[in-house]
Amino acid sequence: MGLFCMPSLGADMEAGKLVEWLKQPGDSIASGDIIAVVETQKGAIEIEAFETGTLDQLLVPIGQTVPVGTPLAAIRGAGEAPVAIPAAPPMPAAPIAAPLMQVSPATPTFGSAVKASPAARKFAEEHGIDLAGVTGSGPEGAIVFVDVETASRAGGMPKPAAPAPAKPAAAGLEGMRAAIGAAMSRSKREIPHYYLGHAADVTTATAWLAQRNADCAPQDRILFSALLLKAVAVSLAGFPEFNGHFGKDGYVAAKSVHLGMAIALRGGGLIAPAIHDADKLSLAEAMTRLHDLVNRVRAGRFRSSEMSDPTATLTSLGERGADWVLPVIYPPQVAIVGAGSPVEEPRVVDGQIVPRTICHLTLGADHRASDGHRGALLLRAIAERLQKPEAL
Amino acid sequence: MTRDEIQAILIEEIGNIAPEADLTALDPEADLREALDMDSISFLNLLIALGHRLGVQVPEKDYPKLATLRLAVAYLAAAH
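Note that the protein sequences, when read in sequence, are chains R and Y.
Here the first sequence stands for residues 1 to 392, numbered as in the numbering used here.
Here the second sequence stands for residues 1001 to 1080, numbered as in the numbering used here.
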């Protein structure tokens, strides 16, 4: 007997709204099946089951917003009898616990004695709510998102206008901006970042790709981003201090490389879902998975496991971006690799100045988990792999 | 297929990739990817769609020939 709970889909998520059940009581469930769709600040996310059995009972009706960790449904294992269901926590949630992505503990900020989570702070700020007048229900009486939301409804506080049906994208973007703001504020507040850069010569790689793609239909072409994805993922597998999570017990290296890919959404916003076991994929598989992920993310449908478990992130600026980026780590990860747009630059090769295609690789990493010496080795390992694209 | 029909299909497929863009205001001489903020995956999606709709497979070396709406229509009309 297992409970299927509202998952935490990122360090900044405190609650989600159930919008669709894709399985009904009596349906058999296999691990990995998509059971429900949850609306979050990042869009609609398909929630997968992690066990096998029969869906016994739905515990939350469609349309209800519940805190992370709330049981959504009961799943009965083969041969098990239905058992009693613990009462779902009421909406103003008690401390929210998630195994991997701990919601940021309330952190007092300068000039404020009120303890509140980043999302609660953000919401209060946006809605002109004084946190001093809000009762907290989180750890140590901290104010969490739902408290502020409840206060804004109950207290006659200035309430945001109901989202106009004609502008769903704009309303969603506001929520996403808040989510990005909360995660990045936490990152800059808690993570002692250090940054490194390395100019990778990708002349061979781009020429190799052009040759490989020359006789391919568009759907069979491989983009430079897929090459980067693979080179970064394989390199991370050999540098465990950059691939994992920093939680309340310190740093824990991950066993697999689930590489988060920062994907810009049309009209604004950014999401970095994971490509699972990216180091084990062939280059063609990496391209297929990347293509599929980008299309699904931009269509607003992606899966819970992709959101909840990236072990490190790659932000690639594409063909028409800036030369380089100083990337900000997505907590509780400890590293993010940046790749600038490949550019033609004069380089010295064997004593001669020659034009080469350069991709400026950067690393933002957490000093609690690693030091710059190893970071430099990681960037060099990625650059070397990009020199031998046929081996990827 | 006439040039106008090809242009209509091209604009329809661009609209699928950039649904928020006002394509009636699109300058036929503007750089398509700049004007519509198309990254390499969006552009690849456009080429895949054009392959299905027009039976034209645009090789990578010809990408500059699709730089603007006017150039792209001319290229697709010739290749079709």
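Beta carbons: idealized from backbone N, C-alpha and C, even for Gly.
Helix, strand or coil for residue i, going by three-state DSSP, please let me know.
i	result
R/E190	helix
R/P99	Because R/P99 sits at a pLDDT of 32, beneath the cut-off of 50, its placement in the model cannot be relied upon, and the point is left open.
R/K280	helix
R/F50	coil
R/S235	helix
R/P165	With a pLDDT of only 36 at R/P165, under the threshold of 50, the placement of this residue in the model should not be trusted; the figure read from the coordinates follows. DSSP places R/P165 in coil when its eight states are reduced to three.
R/G10	coil
R/A254	coil
R/E345	strand
R/G197	strand
R/Q352	strand
R/M261	strand
R/L229	helix
Can you tell me which of the options puts its alpha carbon nearest to the alpha carbon of residue i?
i	options	result
R/S225	R/A284, R/T40, R/A254, R/R266	R/A284
R/I263	R/N243, R/A231, R/L314	R/L314
Y/G1051	Y/D1022, Y/I1009, Y/T1002	Y/I1009
Y/Y1063	Y/A1049, Y/A1077, Y/L1044	Y/L1044
R/V349	R/D201, R/H193, R/L281, R/R296	R/D201
R/G79	R/S28, R/I47, R/L59	R/S28
R/E190	R/V37, R/A207, R/G250, R/T206	R/G250
R/I34	R/R320, R/D215, R/L22	R/L22
R/E241	R/V232, R/A253, R/G181	R/A253
R/V328	R/A182, R/I358, R/D215	R/A182
R/P342	R/A381, R/C216, R/G321, R/M6	R/G321
R/S316	Y/A1025, Y/V1056, Y/L1054, Y/S1040	Y/S1040
R/S282	R/L59, R/L9, R/E390	R/E390
Give a yes or no on whether the C-beta atoms belonging to residue i and residue j are separated by under 9 angstroms.
i	j	result
R/K17	R/T40	yes
R/L379	R/T362	yes
R/F4	R/S31	no
R/V337	R/D279	no
R/E306	R/L290	no
Y/E1060	R/N213	yes
Y/L1036	Y/I1014	yes
Y/I1048	R/P218	yes
R/L9	R/S308	yes
Excluding the five sequence neighbours on either side, which residues of its own chain have a C-beta within less than 7 angstroms of the C-beta of residue i, listed in chain order?
i	result
R/R266	R298
R/H360	G197, A199, D323, W324, G340
R/G175	Q41
Y/D1031	A1067, T1068
Y/A1077	R1003, I1006
Y/I1011	L1023
For chain A, is any of its Cβ atoms less than 9 angstroms away from the one on residue i?
i	result
R/P218	The structure shown has no chain A; the protein chains it does contain are R and Y.
Looking only at its chain, what residues have a beta carbon closer than 8 angstroms to the beta carbon of residue i, apart from the 5 residues adjacent to it on each side?
i	result
R/L377	F239
R/L326	Y195, G338, T362, G364
Among the residues of its own chain, which have a CB less than 6 angstroms from the CB of residue i, if the five just before and after it don't count?
i	result
R/V334	F246, D366, A369
R/G375	L196, L363, A365
R/V19	V37, E39
Please report the Cβ distance between residue i and residue j, rounded to the nearest whole angstrom; I am assuming they are in contact, meaning their Cβ atoms lie under 8 angstroms.
i	j	result
R/P310	R/L229	The pair is not a contact, with the Cβ atoms about 12 angstroms apart (cut-off 8 angstroms).
R/P304	R/I62	This sequence places Ser at residue 304 of chain R; Pro is not what is there. Not quite, the Cβ-Cβ distance comes to about 17 angstroms (not below 8 angstroms), so this is no contact.
R/L227	R/L392	6 angstroms
Y/V1073	Y/R1003	6 angstroms
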